[in-house]
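Protein chains: 2
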Amino acid sequence: MNPKSEDRPEGFSTAPGPRCVPFSMKGNEMENSDRTKPVTRGFSNAAREALYQTIFSRRDVRGQFTSKPIPEDVLSRVLMAAHYAPSVGFMQPWSFILVRAEETKRKVHELFEKAHGEAAEMFEGKSRAVYRNLKLEGILESPINICITCDRDRAGPVVIGRTHIKTMDVYSSVCAVQNLWLAARAEGLGLGWVSILDQHRLKQILAIPKRVIPVAYVCLGYVSHFFDKPELQSAGWRPRLPLDELVNFEAFNEDASDPFATRLLERIRKDQKKIEDGGQVGDFVATE
Amino acid sequence: MNPKSEDRPEGFSTAPGPRCVPFSMKGNEMENSDRTKPVTRGFSNAAREALYQTIFSRRDVRGQFTSKPIPEDVLSRVLMAAHYAPSVGFMQPWSFILVRAEETKRKVHELFEKAHGEAAEMFEGKSRAVYRNLKLEGILESPINICITCDRDRAGPVVIGRTHIKTMDVYSSVCAVQNLWLAARAEGLGLGWVSILDQHRLKQILAIPKRVIPVAYVCLGYVSHFFDKPELQSAGWRPRLPLDELVNFEAFNEDASDPFATRLLERIRKDQKKIEDGGQVGDFVATE
Numbered sequence: 162m163n164p165k166s167e168d169r170p171e172g173f174s175t176a177p178g179p180r181c182v183p184f185s186m187k188g189n190e191m192e193n194s195d196r197t198k199p200v201t202r203g204f205s206n207a208a209r210e211a212l213y214q215t216i217f218s219r220r221d222v223r224g225q226f227t228s229k230p231i232p233e234d235v236l237s238r239v240l241m242a243a244h245y246a247p248s249v250g251f252m253q254p255w256s257f258i259l260v261r262a263e264e265t266k267r268k269v270h271e272l273f274e275k276a277h278g279e280a281a282e283m284f285e286g287k288s289r290a291v292y293r294n295l296k297l298e299g300i301l302e303s304p305i306n307i308c309i310t311c312d313r314d315r316a317g318p319v320v321i322g323r324t325h326i327k328t329m330d331v332y333s334s335v336c337a338v339q340n341l342w343l344a345a346r347a348e349g350l351g352l353g354w355v356s357i358l359d360q361h362r363l364k365q366i367l368a369i370p371k372r373v374i375p376v377a378y379v380c381l382g383y384v385s386h387f388f389d390k391p392e393l394q395s396a397g398w399r400p401r402l403p404l405d406e407l408v409n410f411e412a413f414n415e416d417a418s419d420p421f422a423t424r425l426l427e428r429i430r431k432d433q434k435k436i437e438d439g440g441q442v443g444d445f446v447a448t449e
Numbered sequence: 162m163n164p165k166s167e168d169r170p171e172g173f174s175t176a177p178g179p180r181c182v183p184f185s186m187k188g189n190e191m192e193n194s195d196r197t198k199p200v201t202r203g204f205s206n207a208a209r210e211a212l213y214q215t216i217f218s219r220r221d222v223r224g225q226f227t228s229k230p231i232p233e234d235v236l237s238r239v240l241m242a243a244h245y246a247p248s249v250g251f252m253q254p255w256s257f258i259l260v261r262a263e264e265t266k267r268k269v270h271e272l273f274e275k276a277h278g279e280a281a282e283m284f285e286g287k288s289r290a291v292y293r294n295l296k297l298e299g300i301l302e303s304p305i306n307i308c309i310t311c312d313r314d315r316a317g318p319v320v321i322g323r324t325h326i327k328t329m330d331v332y333s334s335v336c337a338v339q340n341l342w343l344a345a346r347a348e349g350l351g352l353g354w355v356s357i358l359d360q361h362r363l364k365q366i367l368a369i370p371k372r373v374i375p376v377a378y379v380c381l382g383y384v385s386h387f388f389d390k391p392e393l394q395s396a397g398w399r400p401r402l403p404l405d406e407l408v409n410f411e412a413f414n415e416d417a418s419d420p421f422a423t424r425l426l427e428r429i430r431k432d433q434k435k436i437e438d439g440g441q442v443g444d445f446v447a448t449e
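From first to last, the protein sequence lines are chains A and B. Yeah, the first sequence ends on 449 if you go by the working numbering, and it's all consecutive. Yeah, the second sequence ends on 449 if you go by the working numbering, and it's all consecutive.
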């Protein structure tokens with residue numbers, strides 16, 4: 162075998178300007194002809210770029226669903242992404258309840274309407290008017306709704322890693338939701354997480370047993386478009402926070418002024434500016 | 162403007178065999194020259210492939226850390242990925258406490274050792290012996306530990322989407338952890354989530370105030386290698402569950418036998434077999 166550079170896998174040019182990555186990613190470090198050989202390195206710039214653009218352009222979709230059906234191969238892939246999420250003690254506590262029937266959707270939509278009305282009353286003055294005007298779910302318009310659950314008894318009473326933090330299993334199911342969300346975005350599917358509803362009644366509608374938690378109820382479907390920025394950000398509800406102010410050192414809210422910390426915070430400010438200035442759909446990794 | 166095909170963005174050939182994606186992803190639907198134009202479609206096969214390979218090859222890393230320092234640009238990117246996670250009501254409740262000092266790490270490691278001893282006692286017979294032999298953290302070996310928190314007061318008492326499910330803010334921080342984890346994998350960084358410790362004592366060590374929850378404590382660093390499969394799977398602790406058995410229809414544990422459901426479940430079995438047979442680092446999207 163030819164020696165490879167530490168940082169540049171075979172098949173990638175170091176020349177500036179447009180470069181090509183073979184479509185099948187053969188020759189990429191993600192592909193090993195010898196399956197027993199461990200994968201040791203990071204991905205190519207193009208592959209990292211794809212991941213970051215998925216992350217930065219992912220949106221909580223409420224109002225742009227189309228009725229275009231989701232083919233089974235696409236649905237299989239996004240569910241597979243969810244199933245390969247991390248789980249405490251390899252518990253895989255999730256199930257995925259696919260809701261397609263109009264009748265079930267209507268029942269869940271009624272739950273939302275009730276909770277939404279109650280929620281509006283909790284906001285004061287101008288916020289209440291803004292809140293009422295927000296479109297917050299696409300239960301009826303999206304072709305498929307999915308309830309992602311957590312079965313707390315999936316692996317018996319004692320689970321590696323759940324012995325001291327009891328909610329780790331629920332966190333695992335949340336990781337599955339996030340994987341599903343990112344895969345959906347890459348497939349051109351919008352996903353919206355509906356959290357404004359009564360969980361106890363949702364469990365009744367979906368016949369979810371006592372030991373199982375309905376962690377997320379999401380709407381999934383093709384969309385007319387994805388917004389450039391989160392709707393609550395565009396609506397001026399809350400700004401995107403500066404990440405450099407959320408990075409602490411050694412203890413909560415503690416700063417650091419050593420050279421590495423200074424360089425890191427400077428870099429974070431620069432990176433965030435690039436994304437907010439329009440880089441949510443542009444280059445992030447590849448350019449300075 | 163030239164009309165584009167619905168499914169094939171400009172710059173992508175429909176011919177079989179190796180194809181090229183321009184490195185900067187210009188001409189891809191992820192890049193829009195007109196920033197006001199919404200992004201409407203899914204990503205190219207290569208970009209989706211990159212996301213799926215990140216997801217399938219992500220590992221909980223405990224024992225393969227090297228001392229190679231993490232450059233600030235890489236650390237900035239993985240933190241940025243976390244910061245662009247979804248959050249309820251755009252709350253962005255997270256902070257990231259970077260732990261670099263040997264002294265802090267030692268204190269946290271002591272917490273782990275204590276909890277780990279307690280946990281071992283909870284397992285019976287053979288399981289206890291297996292449990293004791295598992296390497297479950299890399300606190301001291303990894304160059305940086307990060308505590309990802311959730312500040313429940315980040316956006317005032319009433320938060321959109323948190324009115325009926327109080328834990329939504331914690332779930333947001335978990336989504337940030339998962340984004341960080343995937344970005345780390347793509348950068349060639351291993352990440353291990355340490356959940357075997359006393360959260361109250363962890364809060365004391367990191368001076369975390371009462372209102373803030375330490376959602377995750379993770380170890381981050383370059384690794385000698387990534388395992389092909391999860392360690393608990395390889396060790397025979399638990400198998401990877403068949404996803405088709407976790408997909409329900411309309412209600413918990415309910416099957417369906419309509420043509421779409423049948424095709425979906427068949428596809429899921431096929432896709433999972435492909436991944437388990439070695440596709441964790443190979444083609445998933447591009448090939449049949």
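Even glycine gets a Cβ: it sits at the ideal position worked out from N, Cα and C. Here the structure is a predicted model, which means the values were calculated and not measured.
{"Asked": "Check each residue of the segment 381 to 413 of chain B: if its Cβ is closer than 8 Å to any Cβ of chain A, include it; give the result in chain order.", "Found": "384, 385, 386, 387, 388, 389, 391, 393, 394, 398, 399, 401, 402, 404, 407, 408, 409, 410, 411, 412 and 413"}
{"Asked": "Consult DSSP for residue 245 of chain A and reduce its assignment to one of helix, strand or coil.", "Found": "coil"}
{"Asked": "May I ask you to report which of helix, strand or coil DSSP gives residue 351 of chain B?", "Found": "strand"}
{"Asked": "Which residues, in order along the segment 324 to 341 of chain A, keep a beta-carbon less than 7 Å from a beta-carbon of chain B?", "Found": "324, 325, 326, 329, 332, 335, 336, 339 and 340"}
{"Asked": "Out of B:215, B:279, B:360 and B:249, which has the shortest C-alpha to C-alpha gap to residue 451 of chain B?", "Found": "A query on residue 451 of chain B cannot be resolved here, the shown segment of chain B reaching from 162 to 449 and no further."}
{"Asked": "Less than 6 Å between C-beta atoms, sequence neighbours within five positions excluded: which residues of the same chain meet that for residue 315 of chain B?", "Found": "252 and 254"}
{"Asked": "Of all the CB atoms in chain A, is at least one closer than 8 Å to the CB of residue 191 of chain B?", "Found": "The pLDDT assigned to residue 191 of chain B is 40, lower than 50, so where the model puts this residue is not dependable; a value taken from the coordinates is nonetheless given after this. It does: the Cβ of residue 191 of chain B has a partner Cβ on chain A nearer than 8 Å."}
{"Asked": "Around the Cβ of residue 293 of chain A, are there at least 16 other Cβ atoms within 10 angstroms (buried) or fewer (exposed)?", "Found": "exposed"}
{"Asked": "Could you check which residue in A:353, A:257, A:333 and A:259 has the C-alpha nearest to that of residue 248 of chain B?", "Found": "A:353"}
{"Asked": "Tell me which residues share the same chain as residue 429 of chain A and place their Cβ nearer than 8 Å to its Cβ, disregarding the 5 neighbours each side in the sequence.", "Found": "404, 405 and 408"}
{"Asked": "List, from N- to C-terminal side, the beta strand (DSSP E) runs of 3 residues or more that fit wholly inside the segment 292 to 340 of chain B.", "Found": "305 to 312"}
{"Asked": "What are the start and end residues of the beta strand (DSSP E) that includes residue 409 of chain B?", "Found": "408 to 410"}
{"Asked": "Check whether the segment 279 to 299 of chain B and the segment 209 to 220 of chain B are in contact - that is, three or more C-beta pairs closer than 8 Å.", "Found": "no"}
{"Asked": "Tell me whether residue 381 of chain A sits in a helix, a strand or coil according to DSSP, three-state version.", "Found": "strand"}
{"Asked": "Is residue 242 of chain A buried or exposed, if buried means 16 or more other CB atoms sit within 10 Å of its CB?", "Found": "buried"}
{"Asked": "Given residue 329 of chain A, which residues of its chain have a CB within under 7 Å of its CB, disregarding the five upstream and five downstream residues?", "Found": "249, 322 and 323"}
{"Asked": "Short check: CB of residue 334 of chain B to CB of residue 309 of chain B, under 8 Å?", "Found": "yes"}
{"Asked": "At a CB distance below 8 Å, what residues from the segment 250 to 279 of chain A approach chain B? Give them in sequence order.", "Found": "250, 251, 252, 253, 255, 256, 257, 258, 259, 260, 261, 262, 265, 276 and 279"}
{"Asked": "Using 10 angstroms around the beta-carbon of residue 418 of chain A, count the other beta-carbons present and answer buried if the total reaches 16, otherwise exposed.", "Found": "exposed"}
{"Asked": "Determine the direct distance from the alpha carbon of residue 332 of chain B to that of residue 337 of chain A, and round the result to whole angstroms.", "Found": "11 Å"}
{"Asked": "Using a Cβ cut-off of 8 Å (strictly closer), state whether residue 421 of chain A contacts chain B.", "Found": "yes"}
{"Asked": "Taking 8 Å as the CB-CB cut-off, is residue 238 of chain A touching chain B?", "Found": "yes"}
{"Asked": "Look at residue 350 of chain A and residue 382 of chain A and say whether their C-beta atoms are less than 8 Å apart.", "Found": "yes"}
{"Asked": "Does the Cβ-Cβ distance between residue 362 of chain B and residue 272 of chain B come in under 8 Å?", "Found": "yes"}
{"Asked": "Compare the C-beta of residue 349 of chain A with all C-beta atoms of chain B and state if any pair is closer than 8 Å.", "Found": "yes"}
{"Asked": "From A:366, A:364 and A:387, pick the residue whose C-alpha is nearest to that of residue 347 of chain A; which is it?", "Found": "A:387"}
{"Asked": "When Cβ atoms are compared, which residues of the segment 207 to 226 of chain A fall closer than 8 Å to chain B?", "Found": "207, 208, 209, 210, 211, 212, 213, 214, 215, 216, 217, 218, 219 and 221"}
{"Asked": "Can you say whether residue 438 of chain B is buried or exposed, counting buried as having 16 or more other CB atoms within 10 angstroms of its CB?", "Found": "exposed"}
{"Asked": "As a quick exercise: from B:289, B:207, B:210 and B:240, pick the residue whose alpha carbon is nearest that of residue 339 of chain B.", "Found": "B:240"}
{"Asked": "Return the bridge partner residues of residue 373 of chain A from the DSSP annotation.", "Found": "A:312"}
{"Asked": "Between residue 425 of chain A and chain B, is the shortest Cβ-Cβ distance under 8 Å, so that the two count as touching?", "Found": "yes"}
{"Asked": "From the DSSP secondary-structure annotation, give me the bridge partner or partners of residue 221 of chain B.", "Found": "B:352"}
{"Asked": "Return the Cβ separation of residue 223 of chain A and residue 296 of chain A in integer angstroms, given the expectation that the two are a contact with Cβ distance under 8 Å.", "Found": "5 Å"}
{"Asked": "Verify the CB distance criterion: does residue 344 of chain B have a CB-CB separation below 8 Å to chain A?", "Found": "yes"}
{"Asked": "Using C-beta distances below 7 Å, list every residue in its chain close to residue 299 of chain A, excluding the 5 sequence neighbours before and after it, in chain order.", "Found": "222, 223, 224, 226, 353 and 380"}
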